[in-house]
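Worksheet: the structure to be examined is printed underneath.
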Amino acid sequence: MARRVLILMTLPFPRPCLLGGVVMGRAALKQIDQIRNAAQKIARGDLTERLPVHPKRRNEFDEIAIELNLTLDRINALMKGMREVTDNVAHDLRSPLNRLRTRLEVALLDHRQLLPCQNILNESVEDLQGILSTFNTLLSISQAEAGIQRIPFSPQDLSALCRDMGELYEASAEEEGLGLLTDCPTPLRVLGNRDLLAQALSNLLDNAIKYTPRGGRITLSTVKLDAWAELRLCDTGIGIPQDQYTHVFQRFVRLDTARNLPGNGLGLAQVLATITAHRGEIHLSDHHPGLCVQILLPLIPTEQ
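Straight run, no breaks: the sequence shown in this note's numbering ends on number 558.
The following block contains the structure:
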């Protein structure tokens, strides 16, 4: 080993090059040690730890560290979301499960009276359907967020879908004394899953009808914006405070104005998960009065 070092030292390399190589080698070893220490903390369960990134220098190690840190941020956010969902599920399902148990206990005590038992069982079935709906929605959100595409995507005409959904909800809007206007004339082809997109739009229309007072107006429109297909749903309802725009997309979130209305607080969370899975964007804005929901989905390249 010593002989090799002496041979290298006698080679005609400029001394500054040798010194620079030594310095760079030491810096790389130091960075590797820092990455190893951070990785050990992460392996022990500390998901708040991040790999070190030099504020000025951007070598290959820094680029890898940046990508891994982004992945860790995503994992940490998902873990936090799982904890919140667990707490919220336990809270929201406690009441219907207790009601279900009480009704079944009453049915067992009054087994000789057929009619009261039928009423109790019917109410219990309704509670069970609500619980199953909550779990199915949670599963759908989780699959969309995880990028699980069990149903393949295919070219879809977003405008045609909007026209179909507008026609489907027109009667419901009229029953509530609302006007529903659909303006989706131009074909806009996007890559997606029709069932998922229809469910997302259904959630938005349900909310618009639910939170718009009688005599109000709902408009559903589509238009091409550069490389995007824009879907816009606006109403003249009670709206959402601007400081709550981000908050309402979280699971089980219900604003004070919606506490007395039916729902589980998962509708907008499911919409966000679906649009994100389609590599799209969703934005909220004030309609004065009411709310506007803007959805942007990438057009199929041949349509751009």
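C-beta: ideal position from N, C-alpha, C; glycine also. Keep in mind the model is a prediction, meaning the values are calculated, not measured.
Asked, Found
"Under 8 Å, with one C-beta from each stretch per pair, do the region 422-437 and the region 461-469 reach the 3-pair mark?", "yes"
"Would A454 and I529 be called neighbours here (beta carbons separated by less than 8 Å)?", "yes"
"Tell me, to the nearest whole angstrom, how far the beta carbon of L305 is from that of A292; I am working on the premise that it is less than 8 Å.", "5 Å"
"So, at 7 Å on beta carbons, what are the nonlocal neighbours of Q504 in its own chain, with the 5 sequence-adjacent residues on each side left out?", "A523"
"Quick one: Cα of V547 to Cα of H537, how far?", "6 Å"
"Go ahead and label H532 buried or exposed: buried means 16 or more other beta carbons lie within 10 angstroms of its beta carbon, across all protein chains shown.", "buried"
"Can you tell which of I385, P406, N323 and E321 has the C-alpha that lies nearest to the C-alpha of N352?", "I385"
"May I ask you to report which of helix, strand or coil DSSP gives E535?", "strand"
"Return the chain-ordered list of same chain residues with a C-beta closer than 7 Å to the C-beta of L316, the five sequence neighbours on each side being excluded.", "Looking at the sequence provided, one finds Asp at residue 316 rather than Leu. Around D316: V307 and H308."
"Between the C-alpha atoms of E424 and Q294, what's the straight-line distance to the nearest angstrom?", "58 Å"
"Taking the alpha carbon of R443 as the point to measure from, which residue in T476, I463, A462 and M419 has its own alpha carbon closest?", "T476"
"Could you give the distance in angstroms between the alpha-carbon of S408 and the alpha-carbon of S456?", "20 Å"
"Can you give the beta carbon distance from D540 to G491, rounded, assuming they're within the 8 Å contact cut?", "That pair is no contact at about 12 Å."
"Helix, strand or coil: how does DSSP classify P409 here?", "strand"
"Whole angstroms is fine: what's the gap from L545's alpha carbon to L283's?", "55 Å"
"When DSSP labels each residue in this structure, what does I329 get in the three-state scheme?", "helix"
"Below 8 Å on the Cβ atoms is my contact criterion, and I expect D357 with I374 to pass it. Report the Cβ-Cβ distance as a whole number of Å.", "With the sequence shown as reference, residue 357 is identified as Arg, and Asp is not the correct amino acid for it. Sure, about 4 Å apart at Cβ, within 8 Å."
"Quick one: what's got a C-beta closer than 7 Å to V360's C-beta in the same chain, skipping five residues either side?", "I374"
"Please state the DSSP three-state secondary structure of Q548.", "strand"
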